[in-house]
Amino acid sequence: MSTIGVDIGGTKIAAGVVDESGAVLARTRRTTPATDPEAIEDAVADAVAELRAEHDVTGVGVAAAGYIDASRSTVVFAPNLAWRHEPLREEVEKRVDLPVVVENDANAAAWGEFVHGGGRSARDMVLLTVGTGLGGGIVLDGELVRGTGGMAAEVGHLRVVPDGQQCGCGRTGCWEQYGSGQALVRWARSLAATDPARAARLLELAGGDPAEVTGPHVTAAAEEGDEASVELVATLGRWLGEGAASLAAVLDPGTILVGGGVSSAGALLLDPMRRAFAGALTASQHRDLPRIDRAELGNDAGMVGVAHLADRS
Ligand SMILES: [Zn+2]
4 MSTIGVDIGG TKIAAGVVDE SGAVLARTRR TTPATDPEAI EDAVADAVAE
54 LRAEHDVTGV GVAAAGYIDA SRSTVVFAPN LAWRHEPLRE EVEKRVDLPV
104 VVENDANAAA WGEFVHGGGR SARDMVLLTV GTGLGGGIVL DGELVRGTGG
154 MAAEVGHLRV VPDGQQCGCG RTGCWEQYGS GQALVRWARS LAATDPARAA
204 RLLELAGGDP AEVTGPHVTA AAEEGDEASV ELVATLGRWL GEGAASLAAV
254 LDPGTILVGG GVSSAGALLL DPMRRAFAGA LTASQHRDLP RIDRAELGND
304 AGMVGVAHLA DRS
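In my numbering, the protein residues as written are 4 to 316.
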């Protein structure tokens, strides 16, 4: 049977009908009314109603960018949405009259990759989602690692630099400040401002203004072979590899997948990551190294994963 997966992001709500094989049979989207909790729930219900008009489904999974409690029902806190202790499962169930499960979006994405994406053959897997921020999900022994309060796998807030860059979480030196799209942009803008000759191609793409350089500019220029941009992407890869080695020291996963927008850089990002990982991993000469690869499901990972969780519950 099919289920519906709904991925609530800060700007848009993506919903799809997903079958047992992970195929998305139909999809729709809504703009996220981010400041109004009830309006978000209404928009989710509206998207579900639209999809159900054409498809038989047995349940709904909702992935949201926030801390979800251990019973997978309440959003404790969502940094970019208006939810504080929001009983999201109950509110959506009331509106759609189907069983609902709620999961953190990064966990849902990891689960999607594990069951239907790049982690299909894995038993222990880490997904790093490298977008504007750095998110993650962990599967150990075939189960999502959720923690006592549902707050495990917040890998972006591992501290990697004592007294380092200020992080949005209020602390300093978090991995997200070095292993993310926002870090890449910070370095690129700084280079464009301080060494315009070396950053000539980036400045050209950004219309001459260092402050207008974006992540896609850097990855596009790197793909063209622009030396400075290749080096910026490689720097990001090294930070990812070193942080992943710390995770692997604890978890010993067989597979590490890299998703998110920045993963489109492919080998330009992953080769430096693999090298830094091997260099930083404890006892790396005496063990099989995990497979480090791109995630496969792209933006659908959260939707597909949470739809599978709904089917499984
Ligand atoms: Zn942080």
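Cβ coordinates follow ideal geometry from the N, Cα and C atoms, glycine included.
Between the CA atoms of residue j and residue i - distance to the nearest angstrom
{"i": "Glu116", "j": "Glu230", "result": "33 angstroms"}
{"i": "Phe3", "j": "Ala186", "result": "Here the chain has residues from 4 to 316 only, and residue 3 is not among them."}
{"i": "Ala73", "j": "Thr38", "result": "25 angstroms"}
{"i": "Gly62", "j": "Ala310", "result": "8 angstroms"}
{"i": "Leu235", "j": "Trp190", "result": "7 angstroms"}
{"i": "Ala156", "j": "Glu93", "result": "25 angstroms"}
{"i": "Arg87", "j": "Gly228", "result": "46 angstroms"}
{"i": "Arg331", "j": "Pro40", "result": "The requested residue 331 does not occur in the structure, where the chain is confined to residues 4 to 316."}
{"i": "Glu23", "j": "Asp212", "result": "48 angstroms"}
{"i": "Val60", "j": "Pro165", "result": "49 angstroms"}
{"i": "Leu54", "j": "Ala237", "result": "42 angstroms"}
{"i": "Gly167", "j": "Thr175", "result": "5 angstroms"}
{"i": "Arg297", "j": "Gly122", "result": "10 angstroms"}
{"i": "Gln288", "j": "Cys170", "result": "34 angstroms"}
{"i": "Pro293", "j": "Trp242", "result": "17 angstroms"}
{"i": "Ser124", "j": "Thr197", "result": "46 angstroms"}
{"i": "Glu146", "j": "Val78", "result": "21 angstroms"}
{"i": "Leu91", "j": "Lys97", "result": "10 angstroms"}
{"i": "Gly269", "j": "Arg192", "result": "22 angstroms"}
{"i": "Asp274", "j": "Ile295", "result": "9 angstroms"}
{"i": "Ala209", "j": "Val148", "result": "41 angstroms"}
{"i": "Asp291", "j": "Thr285", "result": "12 angstroms"}
{"i": "Asn107", "j": "Gly264", "result": "19 angstroms"}
{"i": "Ala56", "j": "Leu101", "result": "14 angstroms"}
{"i": "Ala109", "j": "Asn83", "result": "14 angstroms"}
Own chain residues within Cβ distance below 7 angstroms of residue i, not counting five before or after
{"i": "Arg201", "result": "Leu194 and Ala231"}
{"i": "Leu137", "result": "Leu131, Val158, Gly159, Trp178, Glu179, Gly182 and Ser183"}
{"i": "Ala112", "result": "Leu130, Thr132, Gly140, Gly262, Ala304, Gly305 and Gly308"}
{"i": "Val95", "result": "Glu44, Val47, Ala48, Val63, Val65 and Val103"}
{"i": "Thr135", "result": "Ser183, Gly184 and Gln185"}
{"i": "Pro199", "result": "Leu206"}
{"i": "Glu89", "result": "Pro40, Thr77 and Val78"}
{"i": "Glu299", "result": "Glu116, Gly120 and Gly121"}
is_contact[residue i, chain C] using C-beta, thresh 8 angstroms
{"i": "Val95", "result": "Within the model displayed, chain C is absent; a lone protein chain is all it includes."}
Own chain partners of residue i with C-beta closer than 6 angstroms, once the 5 adjacent residues on each side are dropped
{"i": "Gly25", "result": "His119 and Val307"}
{"i": "Glu226", "result": "none"}
{"i": "Gly244", "result": "Met276, Ala279 and Phe280"}
{"i": "Ser316", "result": "Val104"}
Cβ distance (whole Å) where residue i is taken to contact residue j below 8 angstroms
{"i": "Thr35", "j": "Thr14", "result": "6 angstroms"}
{"i": "Ala68", "j": "Gly150", "result": "Contact doesn't hold; Cβ gap of about 17 angstroms is too wide."}
{"i": "Leu272", "j": "Gly240", "result": "5 angstroms"}
{"i": "Leu205", "j": "Val221", "result": "7 angstroms"}
{"i": "Ser76", "j": "Val105", "result": "6 angstroms"}
{"i": "Gly153", "j": "Ile71", "result": "5 angstroms"}
{"i": "Trp114", "j": "Leu312", "result": "6 angstroms"}
Proximal residues to residue i (C-beta, below 8 angstroms), its chain only, five neighbours per side dropped
{"i": "Asp1", "result": "The first residue shown for the chain is 4 and the last is 316, placing residue 1 beyond what the model contains."}
{"i": "Leu28", "result": "Ser5, Gly19, Val20, Val21, Asp22 and His58"}
{"i": "Ala85", "result": "Ala37, Thr38, Asp39, Pro40 and Ile43"}
{"i": "Ser267", "result": "Thr222"}
{"i": "Ile358", "result": "Here the chain covers residues 4 to 316 and nothing more, so residue 358 does not appear."}
{"i": "Val233", "result": "Ala225 and Leu271"}
{"i": "Ala283", "result": "Gly244, Glu245, Ala248 and Ser249"}
Problem - Residues surrounding ligand 1 [beta-carbon distance to nearest heavy atom under 6 angstroms] - result: His160, Cys170, Cys172, Arg174, Cys177 and Glu179
Exercise for the section: Examine the Cβ distances between the stretch 209–227 and the stretch 240–257 and report whether three or more of them are shorter than 8 angstroms. Expected result: no
Exercise for the section: Pair every Cβ in the stretch 293–311 with every Cβ in the stretch 5–13, then say whether three or more of these pairs are closer than 8 angstroms. Expected result: With the rule of 3 Cβ pairs closer than 8 angstroms, the stretch 293–311 counts as touching the stretch 5–13.
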